[in-house]
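**Q** There's a structure below that I have some questions on.
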Amino acid sequence: MLPNATFRVKLENGHIVLGHISGKMRMHYIRILPGDKVTVEMTPYDLSRARIVFRAK
1 MLPNATFRVK LENGHIVLGH ISGKMRMHYI RILPGDKVTV EMTPYDLSRA
51 RIVFRAK
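Throughout the sequence shown, residue numbering follows UniProt numbering, covering 1 to 57 in sequence.
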């Protein structure tokens with residue numbers, strides 16, 4: 001866990017990217033803890049950053 005709701009996310013292919021929590025997850029107070037499985041969205045312009053959009057149950 002890093003400042004400003006930013007996390008290091010390890011992808012299935014082994015790469016590590018910086019992920020920040022999406023606005024809807026912040027609005028609904030969905031908490032993410034280290035070790036949680038999450039779904040991320042990535043942009044083709046910057047492959048080192050991602051947006052966390054879903055936390056698996």
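The beta-carbon is built from N, C-alpha and C at its ideal position, and this holds for glycine as well.
Inspect the beta-carbon positions of R55 and I30 and report whether they are closer than 8 Å.
**A** Yes. Within cutoff.
**Q** Quick check: the Cα distance between A5 and P44, rounded to an integer number of angstroms?
**A** Taking the straight line joining both Cα atoms gives about 22 Å.
**Q** Going by alpha carbons, who is nearest to K37 out of M1, K10, A50 and R49?
**A** Looking at the Cα atoms, K10 is the closest of the given residues.
**Q** Mark G35 as exposed unless 16 or more other C-beta atoms lie within 10 angstroms of its C-beta, in which case mark it buried.
**A** Exposed, by the Cβ-count rule.
**Q** Secondary structure at R49, three-state DSSP: helix, strand or coil?
**A** If DSSP states are grouped into helix, strand and coil, R49 belongs with the strands.
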